[in-house]
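*Asks:* When you read off a place in the sequence shown, starting at 1, and then add 384, the result is the number in my numbering.
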Amino acid sequence: MTDTSSANRFSMEAQPGPFSFEPAKTALIIIDMQRDFIEPGGFGESLGNDVSLLAEIVPTVAALLDFARRHGWLVVHTRESHAPDLSDCPPAKRARGMPNARIGDTGPMGRILIRGEPGNAIIEPLMPAAGELVIDKPGKGAFHATRLGEELAVRGITHLVFAGVTTEVCVQTSMREANDRGYDSLLIEDATASYFPAFKQATLEMVRSQGGIVGWTAPFSSLMQLDGTA
Ligand code: TIU
């Protein structure tokens, strides 16, 4: 990690080129690390997916979360979730995908993708701490119909570091929303996962293609070099 312009600015190895950021203006955004996606019986499995593929990244996301806390970054956790009366769930979303159980139906961890139900919680190893933001989002993107944009603006955040699931759905949608809002975004390659490994790989490549058309990608090990300098 080299200091490129001031004592507060750092540059790390990434693709398609170095990612430079000021830690005080950087937030970690952990997308949807919920039981509904990672454990059997939730929304992910109801769509026909092998949920075991997602559990593999939990130790890396936990290490990244610890890193962000130690460096004093703003930490944001999102949950894909709907109101119990489904007033924020478009019928088109509920009907989509011919799932075994639809959003709002009762599953083994409570009503699927409904706020407050056991399955909708963030998994225990990544539980939000006091002072961290928890954003309930009814869409795939973290900005759509949420207060995230305002929360970042009042804190002067300019750079976002993304982790979570799934890479090509909620993570990529959120990164694209962030990109259009003017944020520089970095996706941590080994802290994101998909039910489809080929889709994860394709997403990493499309994010950083064309000179970083959506943002940057890097393994967590690149970011960890900041530990020696700050
Ligand atoms: N969080 C998130 O990505 N929601 C999804 O529905 N993902 C799927 O891959 N289905």
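The beta-carbon is built from N, C-alpha and C at its ideal position, and this holds for glycine as well.
1. Which residues in the same chain as N484 place their Cβ atom closer than 6 Å to its Cβ, once the five residues preceding and following it in sequence are excluded?
2. Taking the alpha-carbon positions, what's the A411 to G566 distance?
3. Please list the segments of the beta strand (DSSP E) lying wholly inside the stretch 533-596, counting only runs of 3 or more residues, in order along the chain.
4. Within 10 angstroms of its Cβ, does I496 collect 16 or more other Cβ (buried), or is it exposed?
5. Distance check for F405 and R454, CA to CA, integer angstroms please.
6. Whole angstroms are fine: how far does the CA of G426 sit from the CA of D469?
7. Less than 7 Å separating the beta-carbons of S558 and G525?
8. Any residue with its C-beta under 5 Å from a non-hydrogen atom of the ligand MN counts. Can you list them all in chain order?
9. Taking DSSP as the reference, what is the three-state secondary structure of P492?
10. With a CB to CB cut of under 6 Å and the five nearest residues on each side skipped, what residues in its chain are close to F527?
11. Let me make sure I understand the geometry here. Which of A479, D520 and V553 has the alpha-carbon closest to that of Q585?
12. Should T388 go down as buried or exposed, given a rule of 16 or more other Cβ atoms within 10 Å for buried?
13. Buried or exposed, going by whether 16 or more other CB atoms sit within 10 Å of the CB of E508?
14. Write down every uninterrupted run of the beta strand (DSSP E) in the stretch 398-467 whose length is 3 residues or greater and which is fully enclosed by it, in chain order.
15. Nearest CA to the CA of P603: which residue from S578, D574 and T587?
16. Is it a yes or a no for the stretch 531-546 touching the stretch 489-505, going by three-plus beta-carbon pairs under 8 Å?
17. Would you decide whether A439 is buried or exposed? Buried here means 16 or more other CB atoms lie within 10 Å of its CB.
18. Compare the beta carbon distance of T550 and L571 with 7 Å and say whether it is the shorter of the two.
*Replies:* Once the coordinates are examined:
1. As a working note, residue 484 is residue 100 in the sequence shown. Same-chain partners within the cutoff: S430.
2. Numbered from 1 along the sequence shown, position 27 holds the residue referred to as residue 411. Numbered from 1 along the sequence shown, position 182 holds the residue referred to as residue 566. Each residue's Cα considered, the two are about 14 Å apart.
3. Correct list: 543-549 and 568-577.
4. Translated into the one-based positions of the sequence shown, residue 496 becomes position 112. Looking at its Cβ environment, which holds 16 or more other Cβ atoms inside 10 Å, I496 is buried.
5. In the sequence shown, residue 454 corresponds to position 70, counting from 1. In the sequence shown, residue 405 corresponds to position 21, counting from 1. When only Cα atoms are considered, R454 and F405 end up about 16 Å apart.
6. Within the sequence shown, residue 469 is the residue found at index 85, counting from 1. Within the sequence shown, residue 426 is the residue found at index 42, counting from 1. Looking at the two C-alpha atoms, the distance is approximately 18 Å.
7. Mapped onto the sequence shown, residue 558 falls at position 174. Mapped onto the sequence shown, residue 525 falls at position 141. Yes, these two residues count as a Cβ contact at 7 Å.
8. With respect to the ligand MN, the structure offers nothing, as its ligand set consists of the ligand TIU.
9. Locating residue 492 in the sequence shown gives position 108, counting from the first residue. Here P492 sits in strand by DSSP.
10. To locate residue 527, count along the sequence shown from 1; it is residue 143. Counting only Cβ-Cβ distances below 6 Å, and skipping sequence neighbours, we find G533 and E561.
11. As a working mapping, residue 585 is identified with position 201 in the sequence shown. Comparing Cα positions, the closest option is V553.
12. By 1-based counting over the sequence shown, the position of residue 388 is 4. In this prediction, T388 has a pLDDT of 48, which is less than 50 and means its spatial position is unreliable; nothing more can be read from the coordinates.
13. Mapped onto the sequence shown, residue 508 falls at position 124. Exposed, since its Cβ has fewer than 16 Cβ neighbours within 10 Å.
14. Inside the stretch 398-467, DSSP marks whole beta strand (DSSP E) runs of 3 or more residues at positions 403-405, 410-415 and 458-464, from first to last along the chain.
15. Stepping through the sequence shown from its first residue, residue 603 is reached at position 219. Taking each of S578, D574 and T587 in turn and checking the Cα distance to P603, the smallest one comes out for D574.
16. With a cut-off of 8 Å, the stretch 489-505 and the stretch 531-546 do not count as touching, because too few Cβ pairs lie within range.
17. Start at 1 with the first residue of the sequence shown, and residue 439 comes out as number 55. Exposed, by the Cβ-count rule.
18. Against the sequence shown, residue 550 aligns to sequence position 166. Against the sequence shown, residue 571 aligns to sequence position 187. Cβ distance not < 7 Å, so T550 and L571 don't count as in contact.
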